[in-house]
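Residue numbers (this note's numbering), protein chains in the order written: chain A, 1 to 219; chain B, 1 to 84; chain C, 1 to 228.
Note that CB positions come from ideal geometry on N, CA and C, so glycine has one too.
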Amino acid sequence: MTRAVPVVLLIAAAMLAASPFMIDAAPPEVTMGLVQKIFYVHLPSAMIFMVSSVMCGVASAIYLMGGRSAKADRIALAAAELAIVFGLITLVTGPLWGRKAWGVWWVWDARLTSTLVMWLLYWSFVLLRRFGGAGSETLSAGVGLFGMALVPFVYWSVNVWRTLHPMTSVVPTLPASMGIPLWWDVVAFACLFGALFALRTRVERLRTDLDSALADADE
Amino acid sequence: MIKRVVLSCMLLAVPAVAAAQQNMPTGFKAFDESAPRETLPAAPLVFIAYSLAWIALAFYAFTLWRKLGKVEQDLAELRRLVKR
Amino acid sequence: MISVLRSAWLIAAKDLRVEARSRELVYTTVFFAVTAVLIFAFSFVQEDSTVPPGAASGILWVTLTFSGTIALTRTFEREREHDTLRGLLLSPVERPAVYLGKLFAVLLLLAGVEAVLVPLTGLFFQAPLGRAPGLLCLLLATGTLGFASVGTLFAAMLVRARSRDVLLPVVLFPIVVPVIIAGVRGTNALFTPETDLAVVRMWLAMLVSFDAVFLSLALWTCGPLLGE
Numbered sequence: 001m002t003r004a005v006p007v008v009l010l011i012a013a014a015m016l017a018a019s020p021f022m023i024d025a026a027p028p029e030v031t032m033g034l035v036q037k038i039f040y041v042h043l044p045s046a047m048i049f050m051v052s053s054v055m056c057g058v059a060s061a062i063y064l065m066g067g068r069s070a071k072a073d074r075i076a077l078a079a080a081e082l083a084i085v086f087g088l089i090t091l092v093t094g095p096l097w098g099r100k101a102w103g104v105w106w107v108w109d110a111r112l113t114s115t116l117v118m119w120l121l122y123w124s125f126v127l128l129r130r131f132g133g134a135g136s137e138t139l140s141a142g143v144g145l146f147g148m149a150l151v152p153f154v155y156w157s158v159n160v161w162r163t164l165h166p167m168t169s170v171v172p173t174l175p176a177s178m179g180i181p182l183w184w185d186v187v188a189f190a191c192l193f194g195a196l197f198a199l200r201t202r203v204e205r206l207r208t209d210l211d212s213a214l215a216d217a218d219e
Numbered sequence: 001m002i003k004r005v006v007l008s009c010m011l012l013a014v015p016a017v018a019a020a021q022q023n024m025p026t027g028f029k030a031f032d033e034s035a036p037r038e039t040l041p042a043a044p045l046v047f048i049a050y051s052l053a054w055i056a057l058a059f060y061a062f063t064l065w066r067k068l069g070k071v072e073q074d075l076a077e078l079r080r081l082v083k084r
Numbered sequence: 001m002i003s004v005l006r007s008a009w010l011i012a013a014k015d016l017r018v019e020a021r022s023r024e025l026v027y028t029t030v031f032f033a034v035t036a037v038l039i040f041a042f043s044f045v046q047e048d049s050t051v052p053p054g055a056a057s058g059i060l061w062v063t064l065t066f067s068g069t070i071a072l073t074r075t076f077e078r079e080r081e082h083d084t085l086r087g088l089l090l091s092p093v094e095r096p097a098v099y100l101g102k103l104f105a106v107l108l109l110l111a112g113v114e115a116v117l118v119p120l121t122g123l124f125f126q127a128p129l130g131r132a133p134g135l136l137c138l139l140l141a142t143g144t145l146g147f148a149s150v151g152t153l154f155a156a157m158l159v160r161a162r163s164r165d166v167l168l169p170v171v172l173f174p175i176v177v178p179v180i181i182a183g184v185r186g187t188n189a190l191f192t193p194e195t196d197l198a199v200v201r202m203w204l205a206m207l208v209s210f211d212a213v214f215l216s217l218a219l220w221t222c223g224p225l226l227g228e
């Protein structure tokens with residue numbers, strides 16, 4: 001597991017290095033033109049953001065319901081941090097695209113708002129962890145669990161407003177010239193996610209080891 | 001018909017001109033809000049988006065790498081002390 | 001079930017009795033709400049005393065959120081000062097009863113704040129409170145319940161945490177976003193000149209389902225969350 005991390009990291013780096021050439025080769029979109037190429041980094045990061053937020057919620061639920069395993073807690077924390085990183089990429093690339101395609105940086109559309117709210121929620125998870133002191137594992141697990149229940153409500157409450165954001169149903173209908181660079185980037189981001197996730201959980205495991213070793217040394 | 005269009009255009013132009021004059025007391029040409037602004041170049045936006053994504057990922061990987069190094073160092077130090 | 005409700009009521013009655021003796025929370029929270037409304041009035045109302053559309057409902061809900069957060073922090077700070085929450089959790093009552101008891105107390109306190117705040121917004125911002133008073137009360141009640149059901153749980157959990165004063169809003173505000181959206185939009189639909197009651201009912205339905213989901217989630221998880 002740990003030995004695979006550098007290999008996966010290298011693969012992801014190589015794929016990401018190659019992706020600009022593939023994206024350059026992809027045809028520009030008819031109405032949006034060149035700016036649509038942000039799509040190839042925006043959608044993969046949004047997908048990974050969703051994956052990590054679901055992981056965080058499920059791991060939090062398992063932690064709370066199933067006897068507080070340290071492993072579930074580590075997974076929830078690593079997933080929350082990665083949700084912040086990939087959510088940041090989604091939230092930064094989105095407005096850059098929207099500024100050109102819609103003429104505004106931001107609209108309070110269901111998708112944008114729910115992404116922003118969820119992103120803030122993972123920030124509160126991590127802040128709680130960082131500054132909450134002892135016992136914050138349980139608290140942050142509560143945040144992760146409530147956050148998962150929150151998504152449909154945020155989505156529903158904002159969906160009443162007119163939506164500008166393209167539906168994800170465009171993805172299967174993409175021509176191959178656009179689909180291949182997209183899925184290439186999705187795989188690259190997923191590899192990167194896996195490697196960073198393994199690293200983050202490893203840091204946390206070593207920290208608990210260190211703490212218990214320190215406690216042993218004190219005795 | 002044409003007269004009507006011209007008239008309505010002029011009527012619409014009055015507030016715009018008035019606003020523009022308020023904005024340029026020193027004779028600078030004010031930025032026209034109503035003009036089509038399709039001059040925004042796309043290439044810098046794409047470039048910024050990509051570089052920001054890469055910077056964010058590289059920064060996170062870097063902080064993780066440093067955290068890992070520090071914890072491993074502390075652990076090794078502790079083991080050394082315990083052995084002694 | 002009945003015993004849970006009875007213990008919950010006993011806990012709430014205890015809180016209310018403590019409050020009735022000092023009246024600290026009611027006075028400070030209501031005063032905070034009034035000053036907040038004043039600040040909003042200075043920042044939003046135009047020079048010719050016209051109120052921008054949508055301001056009244058927004059001011060009402062923002063003030064409610066902020067004063068609710070202060071009330072939650074203070075309620076549990078009181079428990080912490082005398083370390084009484086531990087006694088409450090050690091007593092032979094189930095966790096849901098403790099949670100429900102604190103929730104009742106917070107709800108009653110917030111109802112008191114609303115009794116002052118709502119007429120005040122009607123007075124200062126020309127909000128038509130009498131247009132559909134029943135629907136307005138329902139919107140406020142369900143919105144407050146949604147806010148307080150999540151807030152009580154997290155405030156109770158944060159009692160033992162460091163920097164709890166700032167962490168409560170950090171945790172609570174993202175989670176209550178749907179309550180604020182639904183409350184503001186629903187109240188705004190009620191206050192606009194061309195009132196559409198169907199829209200108000202739609203937001204009310206959303207608030208009711210939020211309350212149902214989050215109240216049951218809180219009751220279900222308050223055992224493991226409030227700790228041993």
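Exposure of residue i, with buried meaning 16 or more beta-carbon neighbours within 10 Å
i	result
A:W119	buried
C:H82	exposed
A:G224	With chain A covering only 1 through 219, there is no way to say anything about residue 224 of chain A.
C:S49	exposed
Chain-ordered neighbours of residue i on chain A, where CB pairs are closer than 7 Å
i	result
B:A76	Under the 7 Å cutoff, chain A gives no residues; its nearest Cβ is about 10 Å from B:A76.
C:M1	Correct list: empty, because the minimum Cβ distance to chain A is about 22 Å.
Interface flag, residue i vs chain A, CB-CB below 8 Å
i	result
B:K67	yes
C:M206	yes
C:A198	no
C:T65	no
C:P53	no
Backbone CA spacing between residue i and residue j [nearest angstrom]
i	j	result
C:G112	C:T63	14 Å
C:G187	C:V170	The residue asked about is misnamed: residue 187 of chain C is Thr in this sequence, not Gly. Approximately 25 Å between the Cα atoms of the pair.
A:T173	C:E94	54 Å
C:L123	C:A55	13 Å
C:V184	C:R162	32 Å
B:V6	A:G103	Low confidence applies to B:V6: its pLDDT is 43, below 50, so where it sits in the model is not reliable, and the reading given next is rough at best. So the two alpha carbons sit approximately 28 Å from each other.
C:R6	C:T65	29 Å
A:L182	A:P44	7 Å
C:W61	C:L145	13 Å
A:G67	A:G144	16 Å
A:P76	C:L110	Note on identity: in this sequence residue 76 of chain A is Ala, with Pro being the wrong assignment. Rounded to whole angstroms, A:A76 to C:L110 spans 34 Å at the Cα level.
A:K283	C:P52	Since the first and last residues shown for chain A are 1 and 219, residue 283 of chain A lies out of range.
A:G133	A:T208	15 Å
B:A42	A:T115	24 Å
C:L219	C:F147	15 Å
Chain-ordered neighbours of residue i on chain B, where CB pairs are closer than 7 Å
i	result
A:D209	L75
A:V203	L64, K67, L68, V71
Chain B contact for residue i (CB, 8 Å cutoff)
i	result
A:A213	yes
A:T115	no
A:S45	yes
A:A70	no
A:A112	Correcting the residue identity first, residue 112 of chain A is Leu in this sequence and not Ala. Not closer than 8 Å to any Cβ of chain B, the Cβ of A:L112 fails to qualify, so no.
A:S51	Reading off the sequence shown, one finds Val at residue 51 of chain A, where the question assumed Ser. Not one chain B Cβ lies under 8 Å of A:V51.
Proximity test, Cβ basis, 8 Å: residue i and chain C
i	result
A:S60	no
A:T90	no
A:T138	yes
A:G132	yes
A:L128	yes
A:G87	no
A:M65	yes
Chain-ordered chain B contacts of residue i [CB-CB under 8 Å]
i	result
A:R200	L64
A:G33	A42
Interface partners of residue i on chain A, CB under 8 Å
i	result
C:F210	F153
Interface residues of chain C facing residue i [CB-CB closer than 8 Å]
i	result
A:G144	Going along chain C, no residue has its Cβ under 8 Å from A:G144, so there is no contact; the nearest lies around 11 Å.
A:A149	V213, F214, L217
A:W156	P178, M206
A:L121	P174, I175
Partner residues on chain C for residue i, Cβ-Cβ distance less than 7 Å
i	result
A:S124	V170, V171, P174
A:G57	The contacting residues do not exist; A:G57 stays about 12 Å from chain C at best.
Neighbour list for residue i in chain B, Cβ cutoff strictly below 9 Å
i	result
A:I11	Correct list: empty, because the minimum Cβ distance to chain B is about 14 Å.
Residue i CB to nearest heavy atom of the ligand MG below 7 Å
i	result
A:W105	Because no ligand of any kind appears in the structure shown, any question about the ligand MG cannot be addressed here.
Interface residues of chain C facing residue i [CB-CB closer than 9 Å]
i	result
A:G135	M157, R160, A161, G227
Determine contact between the stretch 171-188 of chain A and the stretch 44-59 of chain B, defined as no fewer than three beta-carbon pairs at a distance below 8 Å. Below 8 Å, too few C-beta pairs join the stretch 171-188 of chain A and the stretch 44-59 of chain B to call them touching: fewer than three.
Practice item. Taking 8 Å as the threshold, find out whether the stretch 172-181 of chain C comes into contact with the stretch 205-215 of chain C through three or more Cβ pairs. Key: Enough Cβ pairs lie closer than 8 Å, so yes.
With three or more C-beta pairs closer than 8 Å as the rule, is the stretch 189-204 of chain C touching the stretch 132-141 of chain C? As far as the Cβ criterion goes, the stretch 132-141 of chain C touches the stretch 189-204 of chain C, which means the pair count is three or higher.
**Prompt:** Are the stretch 97-106 of chain C and the stretch 11-22 of chain C in contact at 8 Å, needing three or more beta carbon pairs?
**Reply:** Contact holds: three or more Cβ-Cβ distances are below 8 Å.
Is it true that the stretch 75-83 of chain B meets the stretch 21-29 of chain C, where meeting means three or more beta-carbon pairs spaced less than 8 Å apart?
Touching, no.
Note to self: Check whether the stretch 84-99 of chain A and the stretch 32-49 of chain A are in contact - that is, three or more C-beta pairs closer than 8 Å.
What the structure shows: The stretch 84-99 of chain A makes contact with the stretch 32-49 of chain A: 3 or more CB pairs, one atom from each, lie closer than 8 Å.
(Q) For the structure I just gave you, are there three or more beta carbon pairs, one from the stretch 59-69 of chain B and one from the stretch 192-201 of chain A, closer than 8 Å? (A) Contact between the stretch 59-69 of chain B and the stretch 192-201 of chain A is present, because at least three Cβ pairs lie under 8 Å.
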